[in-house]
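In this note's numbering, the protein residues as written are 481 to 612. Each residue gets a CB set at the ideal place from its N, CA and C atoms; glycine is no exception. For reference, the structure is listed below as structure tokens.
Written out as structure tokens, the structure reads:
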């Protein structure tokens, strides 16, 4: 069974440096916040972090002293069976509804389900077509 829900994602940017992921995760875990999904990468000299957590309010408070630029946006979190073809089915539903996927990240390592986070041009419509 595929289930799509709306969640809030925190995005952070700051100058890249060695140990930055450790600093970010130390700050967040220090507030007893669980990171439920993460995408982190650097382009040139800038580091980018996309996070969903069990408490964005606490996570943003924890990150503020680090001087990161923080934004929060709605994204679509999709839980699906962890088996071949499931991501294809979800992405086809989104494509068939003429919705642009701006980015996505996820994992399916172990367990019976996989979780992916999508940012689309129309998250409300994406949730509706995924949950059909």
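Distance between residue j and residue i (C-alpha atoms, nearest Å)
i           : j           : result
residue 593 : residue 541 : 31 Å
residue 561 : residue 547 : 39 Å
residue 498 : residue 612 : 44 Å
residue 549 : residue 515 : 18 Å
residue 587 : residue 507 : 23 Å
residue 563 : residue 503 : 35 Å
residue 565 : residue 572 : 10 Å
Secondary structure of residue i, DSSP reduced to three states
i           : result
residue 566 : helix
residue 502 : helix
residue 507 : helix
residue 487 : strand
residue 579 : coil
residue 553 : strand
residue 592 : coil
Member of the options whose CA lies at the smallest distance from the CA of residue i
i           : options            : result
residue 589 : 573, 517, 495      : 517
residue 557 : 568, 532, 537, 564 : 532
residue 493 : 534, 509, 522, 513 : 522
residue 510 : 585, 545, 551      : 545
residue 539 : 577, 591, 488, 563 : 488
residue 496 : 506, 529, 512      : 529
residue 579 : 543, 605, 564      : 605
residue 520 : 505, 512, 610, 611 : 505
residue 525 : 500, 486, 485      : 500
residue 553 : 583, 576, 527, 513 : 583
Test item: CB-CB of residue i and residue j under 8 Å
i           : j           : result
residue 607 : residue 536 : no
residue 600 : residue 559 : no
residue 681 : residue 570 : This structure does not reach residue 681, given that the chain is present from 481 up to 612, and the question cannot be answered.
residue 555 : residue 602 : no
residue 610 : residue 574 : yes
Residue i at chain C interface by Cβ criterion, 8 Å
i           : result
residue 482 : Among the chains in the structure shown there is no chain C, since it carries only a single protein chain.
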